[in-house]
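Structure first, then comments.
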Amino acid sequence: MAAVLETTKELVDSNTMYIAASWDEYNSCLNEGTVAGVVNGMWVNGNISNAPDQKGVWAVTDIPAMDIDGATHMTNSGGASWVVTKNAGENADEIVDFLSYVLCGEGAQEYWEYLTEFAGYVTTYKPVLESGYYENVDSEFYGPTFFADVAACVDGGPALNSSPYYMSAQDALITEVINVVNGSDIDTEMQMAQENLEFEMSE
8 MAAVLETTKE LVDSNTMYIA ASWDEYNSCL NEGTVAGVVN GMWVNGNISN APDQKGVWAV
68 TDIPAMDIDG ATHMTNSGGA SWVVTKNAGE NADEIVDFLS YVLCGEGAQE YWEYLTEFAG
128 YVTTYKPVLE SGYYENVDSE FYGPTFFADV AACVDGGPAL NSSPYYMSAQ DALITEVINV
188 VNGSDIDTEM QMAQENLEFE MSE
């Protein structure tokens with residue numbers, strides 16, 4: 008994390024990385040030419056394509072790897088979740104069976120093809136990735152190889168290591184990044200983030 012923070016500060020200080028101050032500014036910087044690229048999940052393709060004049064100028068690639076042990080050109084910050092709560096009661100088993108069928112069972116291919124056509128999503132579910140489907144899907148905005156390129160990037164990505172404190176950890180890291188970019192000491196910020204998260208987990 009220290010290496011990531013150090014690199015982030017270097018990128019910001021050199022005006023290579025732009026950090027948007029709000030959601031509106033984030034979308035504006037994608038659509039108005041402020042930035043030449045963005046590091047994010049597949050969902051951001053919908054935000055980018057809100058600028059019709061940029062049709063055909065965006066492409067997809069994997070991320071640069073840090074020069075540290077175990078670093079890869081892939082990352083995973085999770086995404087939307089389908090959950091079955093205790094309120095499901097006696098229907099819980101049926102709901103679990105349905106979700107298993109749709110997301111990673113016999114219905115998965117049809118479901119993910121629909122989501123690609125409807126919302127531009129690409130799954131990380133290997134049977135769909137390896138089915139050849141994405142190689143034959145064209146994107147009017149991004150071009151004929153877009154979905155195949157995304158599928159190639161996500162195939163083999165790391166599994167998400169989540170917990171009930173995932174969002175709390177993310178919030179702590181966001182604060183840490185902002186403070187380091189503004190000049191705070193990296194080791195001090197990492198220690199504070201760790202202590203704040205441990206305190207929340209102990210409550």
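The numbers in the sequence shown follow the working numbering, run straight up by one, and end at 210.
Just so it is clear, CB atoms sit at the ideal spot from N, CA and C, and this is done for glycine as well.
All values derive from a computational prediction rather than experimental measurement.
Roughly how far, in whole angstroms, is the beta-carbon of residue i from the beta-carbon of residue j, given that I think they are within contact range, below 8 angstroms?
i, j, result
"Val109", "Ile102", "Contact doesn't hold; Cβ gap of about 11 angstroms is too wide."
"Asn38", "Ala58", "4 angstroms"
"Phe3", "Ser56", "Nothing about residue 3 can be reported from this structure: the residues present for the chain run from 8 to 210 only."
Where does residue i sit, in a helix, a strand or coil, going by DSSP?
i, result
"Gly150", "strand"
"Ile70", "coil"
"Glu137", "coil"
"Asp31", "helix"
"Lys93", "helix"
"Met197", "helix"
"Ser107", "helix"
"Trp119", "helix"
"Ile55", "helix"
"Lys16", "helix"
"Ser175", "helix"
"Asp100", "helix"
"Thr23", "coil"
Nearest by alpha-carbon distance to residue i: which of the options is it?
i, options, result
"Gly85", "Asn57, Val161, Ser107 and Ile185", "Val161"
"Tyr141", "Phe148, Ala158, Gly127 and Gly150", "Ala158"
"Gly40", "Ser29, Val19, Glu17 and Val64", "Val64"
"Glu13", "Ser191, Asp145 and Tyr121", "Ser191"
"Asp20", "Asn189, Thr195, Gln201 and Ser209", "Asn189"
Is it the case that the Cβ atoms of residue i and residue j are separated by a distance below 8 angstroms?
i, j, result
"Pro134", "Ala115", "yes"
"Ala9", "Met197", "yes"
"Pro165", "Met81", "yes"
"Ile181", "Val187", "no"
"Gly127", "Gly44", "no"
"Asn47", "Leu167", "no"
"Gly15", "Val184", "The question names Gly, but residue 15 is Thr in the sequence shown. Contact flag set, yes."
Tell me which same chain residues have a C-beta within less than 8 angstroms of the C-beta of residue i, skipping the five on either side of it?
i, result
"Glu207", "Tyr172 and Ser175"
"Ala95", "Ile102"
Less than 7 angstroms between C-beta atoms, sequence neighbours within five positions excluded: which residues of the same chain meet that for residue i?
i, result
"Asn203", "Ala179"
"Ala27", "Tyr33 and Cys36"
"Tyr25", "Cys36, Thr41 and Val42"
Just to confirm my understanding: we take residue i, look at its own chain, exclude 5 residues before and 5 after, and list those with CB closer than 6 angstroms. What are they?
i, result
"Trp89", "Leu106"
"Met73", "Ala10"
"Trp119", "Thr130 and Val135"
"Ala99", "Val91"
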